[in-house]
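Colleague: Residue numbers (our numbering): 1 to 216.
Ideal Cβ positions, reconstructed from N, Cα and C, are used throughout, including at glycine.
Values in this document were obtained by computation on a predicted structure and should not be read as measured data.
Dropping a structure here in structure tokens format, bear with me for questions.
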């Protein structure tokens, strides 16, 4: 049995992909590695562009051993991007699906609130005929629309927080409970609700108060 001396310890890092767990490992001299796992590589650190040193490195390697093949030449950035392709693909898919879902949600919120406010055209006309100011009418309609939107957002956020943990394993360098994303989505839906309340209210204020009174 041959003893091998430990000459150094390095910090923990993931060498088999970012999705794999850390495991005890050791770097062994080339002759001591298992035959099926033997491989050799050279890492060059340079201050210039990495590809500028490839030709010189090939010449030096061939000068030391003309039969030694040089293949799979990559920059560290290319290696990193290759290791993250799965997460980039999944991130792109979730971005597209999320954008579609947000668009459909915004269309739904706009349609429901716009229809609800449009049903109150005569009521708004009567309020104006009885002396209500436009600012008061807008404030009333927007407030009621935003209350409904905020109620829906408040009900949906806990469900979204819970569902986000289902996809946590496919995320990289991103928290499943990213406050910026949830905040932006909430703002988009609230702004949609405000617009959906404003437009019908604007049309209702254009109705002649006398016509509204005669309709009543």
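Report yes or no: do three or more beta-carbon pairs, one from the stretch 77-92 and one from the stretch 107-117, lie closer than 8 Å?
Modeller: Taking 8 Å as the limit for Cβ pairs, the verdict is that the stretch 107-117 does not touch the stretch 77-92.
Colleague: With a 10 Å radius around its C-beta and 16 neighbouring C-beta atoms as the bar for buried, classify residue 31 as buried or exposed.
Modeller: The sequence position of residue 31 within the chain shown is 31, counting from 1. Burial call: exposed.
Colleague: I believe residue 150 touches residue 101 by the beta-carbon criterion, under 8 Å. Please report the beta-carbon distance rounded to the nearest angstrom.
Modeller: Within the chain shown, residue 150 is the residue found at index 150, counting from 1. Within the chain shown, residue 101 is the residue found at index 101, counting from 1. Not really, about 19 Å apart at Cβ, beyond 8 Å.
Colleague: List the endpoints of the continuous alpha helix (DSSP H) containing residue 77.
Modeller: The residue you call residue 77 lines up with position 77 of the chain shown. Residues 76-83.
Colleague: If you draw a straight line from the alpha carbon of residue 22 to that of residue 138, how long is it in whole angstroms?
Modeller: One-based indexing of the chain shown puts residue 22 at position 22. One-based indexing of the chain shown puts residue 138 at position 138. If I take the Cα positions, the gap works out to 59 Å.
Colleague: Please determine if the stretch 113-133 and the stretch 153-168 are in contact, where contact requires at least 3 C-beta pairs separated by less than 8 Å.
Modeller: Too few Cβ pairs lie closer than 8 Å, so no.
Colleague: Express the C-alpha separation of residue 55 and residue 8 in angstroms, rounding to a whole number.
Modeller: Counted from its first residue, the chain shown places residue 8 at position 8. Counted from its first residue, the chain shown places residue 55 at position 55. In a straight line, the C-alpha of residue 8 is about 32 Å away from that of residue 55.
Colleague: Taking 7 Å as the limit between beta carbons, can you name the residues of its chain near residue 141, skipping five residues before and five after?
Modeller: Locating residue 141 in the chain shown gives position 141, where the first residue counts as 1. Excluding residues within five positions, the ones whose Cβ falls inside 7 Å are 117, 197 and 201.
Colleague: Could you check whether the stretch 127-138 touches the stretch 178-195, counting it as contact only if at least three pairs of C-beta atoms, one from each stretch, sit closer than 8 Å?
Modeller: Contact fails: fewer than three Cβ-Cβ distances are below 8 Å.
Colleague: Taking the straight line between their C-alpha atoms, what separation do you get for residue 6 and residue 33?
Modeller: Locating residue 6 in the chain shown gives position 6, counting from the first residue. Locating residue 33 in the chain shown gives position 33, counting from the first residue. Taking the straight line from one Cα to the other gives about 15 Å.
Colleague: Skipping 5 residues on each side, what residues in its chain have a beta carbon closer than 8 Å to that of residue 75?
Modeller: For the purposes of this step, residue 75 is taken as the residue at position 75 of the chain shown. Around residue 75: 50 and 51.
Colleague: May I have the straight-line CA-CA distance separating residue 89 from residue 28, to the nearest angstrom?
Modeller: If you number the chain shown from 1, residue 89 lands on position 89. If you number the chain shown from 1, residue 28 lands on position 28. Computed Cα separation, rounded: 35 Å.
Colleague: What three-state label does DSSP hand residue 65 in the structure shown?
Modeller: Position 65 of the chain shown holds residue 65. Residue state, collapsed to three classes: coil.
Colleague: Starting from residue 129, trace the alpha helix (DSSP H) both ways and give me its first and last residue.
Modeller: The count along the chain shown starts at 1 and reaches residue 129 at position 129. Looking at the DSSP string, the run of the alpha helix (DSSP H) that includes residue 129 is 121-129.
Colleague: If residue 193 sits next to residue 146, beta carbons under 8 Å apart, how far is it from one beta carbon to the other, in whole angstroms?
Modeller: Taking the chain shown and counting its residues from 1, the one referred to as residue 193 is at position 193. Taking the chain shown and counting its residues from 1, the one referred to as residue 146 is at position 146. Yes, residue 193 and residue 146 are in contact; Cβ-Cβ is about 6 Å, under 8 Å.
Colleague: Return yes when at least one heavy atom of the ligand GDP lies under 7 Å from the C-beta of residue 32, else no.
Modeller: The ligand GDP is not part of the structure shown, which contains no ligands of any sort.
Colleague: What's the gap between the Cα of residue 69 and the Cα of residue 26?
Modeller: The residue given as residue 69 occupies position 69 in the chain shown. The residue given as residue 26 occupies position 26 in the chain shown. Approximately 26 Å, taken between the alpha carbons.
Colleague: Identify, in the order they occur along the chain, each residue of the same chain with its Cβ nearer than 6 Å to the Cβ of residue 46, setting aside the five sequence neighbours on each side.
Modeller: Stepping through the chain shown from its first residue, residue 46 is reached at position 46. Closer than 6 Å at the Cβ level, and outside the excluded window around residue 46, lie 53.
Colleague: Where does residue 41 fall in DSSP's three states?
Modeller: The residue given as residue 41 occupies position 41 in the chain shown. Residue state, collapsed to three classes: coil.
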